[in-house]
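The opening residue of the sequence shown carries number 90 in the working numbering; numbering runs sequentially from there. The beta-carbon is built from N, C-alpha and C at its ideal position, and this holds for glycine as well. First comes the structure, then the notes that go with it.
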Amino acid sequence: MTTAGTPRAGDRALLPDLAGRRELVGAWASLSLIHYFVVEAAAMAAWQGSPAYDRRSHVISDLGAANCGPFNGHEVCSPLNWLMNASFVLQGIAMVLGAVLLSSAVLSVAARPGQRAIRTGPGNIPWLAAGAVRALILVAGIGQAMVGLIPEDTELVWHLTGAGLYFIAAPLALAILGLVWLGRSTMSWMVLLFGVVSLGGTVFVLASALRVDEPGAIERTMAYPIILGLSLVGLTVAYRVHGERRRVRRLAAGAG
90 MTTAGTPRAG DRALLPDLAG RRELVGAWAS LSLIHYFVVE AAAMAAWQGS PAYDRRSHVI
150 SDLGAANCGP FNGHEVCSPL NWLMNASFVL QGIAMVLGAV LLSSAVLSVA ARPGQRAIRT
210 GPGNIPWLAA GAVRALILVA GIGQAMVGLI PEDTELVWHL TGAGLYFIAA PLALAILGLV
270 WLGRSTMSWM VLLFGVVSLG GTVFVLASAL RVDEPGAIER TMAYPIILGL SLVGLTVAYR
330 VHGERRRVRR LAAGAG
């Protein structure tokens, strides 16, 4: 893969603007996904279904079930379903914002100051890959919002459609971005690992036709790496954008 900072003949390169507010908002939007773990713990603590909520046997969506009663082989009853579903929707919105606001130029160079993103020519693979990552995160965000807006015990088909979009598109985005970031960020291997682990879980579930033992455990193997991976992407970009903004302010102050 061509290094984004070393254009070849025929390449057209762009120096990404890392001091813009757009990139900072997009990075913090991605980082905000980490709130999920607090909300999940609160919803689990309030659970009133039977049997007691167990991360291995209960899927995450049980915490967002709209009604108390029998569903999927056990009694579901989640008084904080509104909070869990709000978290799903907020995650989806954050992912959409990240996809829209974090430009392909910034993602293709892992927000490294001074690195040029190659837009056209023989070395534009990172640029194209970053564009694909943005599209995948956008699709995943829409899917996650659907999960929150359509609880499992209301319209199961649409709920599963949203979950499918999320669990297929998000890990693919992380895996691709991890490859793009190799050599550009020490976090690249972690991003890649999170994507591969989640994608592996998704493939396993699909190959099993959604019939797996301990569905809660395997779903969390798919979901947790997505949240951690995208939050890590947000943290990396936010850190570098903050640094560049401080540098620009210092230069402006010195010039004044």
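Is the beta carbon of residue i less than 8 Å from the beta carbon of residue j?
i, j, result
"G232", "L263", "no"
"S139", "G305", "no"
"M184", "G253", "no"
"W117", "G272", "no"
"G149", "A341", "A small fix is needed here, since residue 149 is Ile in this sequence, not Gly. The answer is no: Cβ separation not under 8 Å."
"A219", "V286", "no"
"L196", "R111", "no"
"R329", "A200", "yes"
"V198", "I265", "no"
"A154", "E241", "yes"
"L281", "G267", "yes"
"T325", "S274", "yes"
Apart from the five residues just before and just after residue i, which ones in its own chain have a Cβ nearer than 8 Å to its Cβ?
i, result
"I307", "G290, F293, V294 and V301"
"G332", "P202"
"Y142", "M133, W136, D151 and L152"
Once you ignore the five residues that flank residue i on each side, which residues in its own chain have a CB closer than 6 Å to its CB?
i, result
"L103", "A194, A206 and R208"
"L225", "A258, L261 and A262"
"T92", "For T92, the pLDDT reaches just 48, beneath the cut-off of 50, and the residue's location in the model is therefore unreliable, although a value from the coordinates is still provided. Around T92: no qualifying Cβ."
"G251", "G232, M235 and V236"
Output the boundary residues of the beta strand (DSSP E) element that contains residue i.
i, result
"L103", "R101 to L103"
"I239", "Counting along the chain, I239 falls outside any beta strand (DSSP E), and DSSP gives it neither H nor E."
"T291", "Counting along the chain, T291 falls outside any beta strand (DSSP E), though it belongs to the alpha helix (DSSP H) covering S277 to A296."
"V198", "Counting along the chain, V198 falls outside any beta strand (DSSP E), and DSSP gives it neither H nor E."
"V165", "H163 to V165"
"A135", "Per DSSP, A135 belongs to no beta strand (DSSP E) and is neither H nor E."
"A206", "A206 to T209"
"G158", "G158 to F160"
In the DSSP assignment, find the unbroken alpha helix (DSSP H) run with residue i in it and report its ends.
i, result
"E357", "Since the first and last residues shown for the chain are 90 and 345, residue 357 lies out of range."
"S176", "N170 to L190"
Which residues in the same chain as residue i place their Cβ atom closer than 7 Å to its Cβ, once the five residues preceding and following it in sequence are excluded?
i, result
"A108", "E333, R334 and V337"
"Q180", "L122, Y125 and Q233"
"V178", "A234, G237 and L238"
Does the stretch 207 to 225 come into contact with the stretch 122 to 135, if we say contact requires no fewer than three beta-carbon pairs (one atom in each stretch) closer than 8 Å?
These segments do not touch.
Determine, using beta-carbon pairs with one atom in the stretch 156 to 170 and one in the stretch 126 to 137, whether at least three such pairs fall under 8 Å.
Between the stretch 156 to 170 and the stretch 126 to 137, the count of C-beta pairs closer than 8 Å reaches three or more; the two stretches touch.
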